[in-house]
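Enquirer: I'd like to ask some things about the structure below.
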Amino acid sequence: MTLRTRMRTMAFRLTVATGAPALYAAMYATTKAIRSSGLPAGLIHLVDLRVSQINGCAYCIDMHSKEARNEGQSDERIAALSGWERLDLFLPDERAAFAWAEVLTRNRHDRIDAAHREMQRHFGTEQIAALTVAVAQINAWNRVGIAQHVEGTAVGVAA
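Going letter by letter, the sequence shown gives residues -25 to -1, 1 to 134 in mature numbering (1 follows the signal peptide of the UniProt record, and there is no 0).
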């Protein structure tokens, strides 16, 4: 059974969209604002995918892999994303964004200053702020996705 088939047949322990529709709408509006922030769509999809890998949200990994592919990312880059630090498939600005996403997601206070300096080499203040909100937002979506699914039905993914 494919991951996509498993997702379609997945049981839910709760559905945030119907349980708290105003809050779900606010989250969705924030996601739309991030998509309109001027950050490259391909970069947003890769950051969303990387954070989802770290958090182990199978639904989000599946969705963001497809979005990245639809945005023109190669299967090779998508498959290699979890090892981005050890591979030369990614551009310096992407690498800075992935490092930023990881220190924020993993709460790596010991690495945040170095990651921020690297971000400043590649992005302006508005882009750094938008990427920061994007990382916070995908972390929130990952937690919603994980909370909604009945344990044992989603495929676990190691980061």
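Backbone N, C-alpha and C define an ideal beta-carbon position, used for all residues, glycine too.
Quick caveat: nothing in here was measured; it's all calculated off a predicted structure.
Which residues in the same chain as L(-12) place their Cβ atom closer than 7 Å to its Cβ, once the five residues preceding and following it in sequence are excluded?
Expert: If you number the sequence shown from 1, residue -12 lands on position 14. Same-chain partners within the cutoff: A122 and Q123.
Enquirer: Using beta-carbon positions only, say whether L64 and E51 come within less than 8 Å of one another.
Expert: Walking along the sequence shown from the start, residue 64 turns up at place 89. Walking along the sequence shown from the start, residue 51 turns up at place 76. The answer is yes: Cβ separation under 8 Å.
Enquirer: Return the CA-CA distance between A76 and R92, expressed in angstroms with no decimal places.
Expert: As a first step, residue 76 must be located in the sequence shown, where it is residue number 101. As a first step, residue 92 must be located in the sequence shown, where it is residue number 117. Straight-line Cα distance between these residues: approximately 14 Å.
Enquirer: What are the start and end residues of the alpha helix (DSSP H) that includes Q95?
Expert: Here the question's residue 95 lines up with position 120 in the sequence shown. From DSSP, the alpha helix (DSSP H) with Q95 extends over I87 to H97.
Enquirer: Out of N117, A1, L24 and A71, point me to the one whose CA is closest to H97's CA.
Expert: Start at 1 with the first residue of the sequence shown, and residue 97 comes out as number 122. The shortest C-alpha separation from H97 is found at A71.
Enquirer: Under a three-way DSSP split, which group does H20 fall into?
Expert: Within the sequence shown, the letter at position 45 stands for residue 20. The answer is helix: DSSP assigns H20 an H, G or I state.
Enquirer: Would you say the region 16 to 27 touches the region 100 to 113, given that touching needs at least three Cβ pairs under 8 Å?
Expert: Result yes; three or more Cβ-Cβ pairs closer than 8 Å.
Enquirer: Between which two residues does the alpha helix (DSSP H) containing N114 stretch?
Expert: As a working note, residue 114 is residue 139 in the sequence shown. N114 -> alpha helix (DSSP H) spans T100 to Q123.
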